[in-house]
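Report on one structure; see the data block that follows.
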Amino acid sequence: MKIAYTLTPPGPAAHKVLAWAAPLNEGLPRLADMGYDGVELMPELLTPADADNVRRLAELSRISIAAIGTGLVAMSHGLSLSAEDETARRAAVKSAEACLEFCRIVGASMLTIGAFRGRCEPSQVDTAKGRFADSLSRLADGARRRGVTICIEPQNRFQSSFFRTVAETMPLLDAIGGDAVGLSLDTFHMNIEEAGIDDACRAGKGRVRYVQLADNHRGVPGRGMFPFNQFRQSLAAIGYDGWMSLELAQGPVPETTASMAMSAYREMFPTRALT
């Protein structure tokens with residue numbers, strides 16, 4: 001099992017995501033020094049030149065790019081993979097394809113989808129789900145060719161119109177089939193939406209590809225009320241042994257938050273194993 005931290009390059013929109021905003025030539029080596037195996041990178045720009053630079057800096061820092069988060073791309077450019085307008089939806093799919101290519105270049109095996117799925121009115125949920133599924137179907141082959149898994153993150157009712165729980169999301173994964181699309185579990189969202197942690201993990205067995213950690217207040221794990229011991233046991237029961245990414249409210253000094261988060265992680269997973 002490997003541990004990552006969210007990182008985003010500085011910019012006017014960096015505050016929109018839960019990530020340490022730092023120049024990559026500073027943030028990558030500092031996180032490596034703290035003991036992180038990788039980063040979940042949340043970029044706004046996705047050009048091949050940007051990707052080449054990220055790969056070079058990660059190699060110099062001896063740290064992996066675990067995943068590319070798409071939230072900043074979606075929010076900065078107003079993109080939605082479930083957009084009602086076909087032209088807008090095609091633009092979102094094209095951007096997601098660029099994200100997949102970015103993953104390939106930097107060596108990231110995961111592409112996380114949260115806000116990128118878009119929002120809708122309650123009366124339009126079923127049709128929006130269908131449009132989102134169509135977009136994912138268009139992306140699945142490209143993901144498979146690149147060796148990247150598209151990870152759908154169930155998100156809470158205040159941030160998402162649909163796919164809020166594991167149980168609600170599983171039919172989407174079953175419909176698309178294959179291994180190009182999987183689940184990303186985020187403990188913050190699970191704390192709000194899931195009726196039971198064990199049940200949610202069991203429902204996602206075999207499809208969980210990525211895990212994001214935060215306590216119930218988006219703080220450092222162990223500082224709030226989320227049952228991390230139970231969650232650890234539930235993940236062990238379904239055989240999860242993949243990346244864990246800390247996605248936290250950064251506080252006034254993000255570097256300190258990252259260091260505190262690593263200390264908390266080591267306390268919870270002293271052997272870097274779930275059992």
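In the UniProt record's numbering, the protein residues as written are 1 to 275.
Every residue gets a Cβ at the ideal spot worked out from N, C-alpha and C, and that includes glycine.
Bear in mind the structure is a predicted one, so any value in this text is a computation, not a measurement.
Residues of the same chain with a CB within less than 7 Å of the CB of Val125, apart from the 5 flanking positions on each side, are Ser161, Phe162 in chain order. If you check the CB distance, Met34 and Ala249 do not come in under 8 Å.
Distance from the Cα of Asn25 is smallest, within the candidate group Arg223, Glu59, Lys129, Glu247, for Glu59. Taking 8 Å as the cut-off, the Cβ atoms of Gly204 and Val166 count as close. Going by C-alpha positions, Thr271 is about 40 Å away from Arg119. A distance below 8 Å separates the beta carbons of Leu185 and Val208. Inclusion of Ala143 and Ala83 in the CB contact set at 8 Å is not warranted, their separation being larger than that value. Around Arg232, the same chain offers Met268, Phe269, Leu274 as residues with beta carbons nearer than 8 Å, after the five sequence neighbours per side are excluded. By the Cβ neighbour-count rule, Ser263 is exposed, with fewer than 16 other Cβ atoms within 10 Å of its own.
Distances from the CA of Pro23 to each of Phe228, Tyr36, Ala108, Met42 were compared; the closest alpha carbon is that of Met42. The C-beta distance from Arg117 to Phe132 rounds to 5 Å, short enough to meet the 8 Å contact threshold. CA-to-CA, the gap between Glu153 and Ala51 works out to about 24 Å. Between the alpha carbons of Gln159 and Ile192 lies a distance of about 11 Å. Taken atom to atom, the span from the alpha-carbon of Gly224 to that of Trp243 is near 22 Å. Secondary structure note for Arg89: its alpha helix (DSSP H) is the uninterrupted segment 86 to 106.
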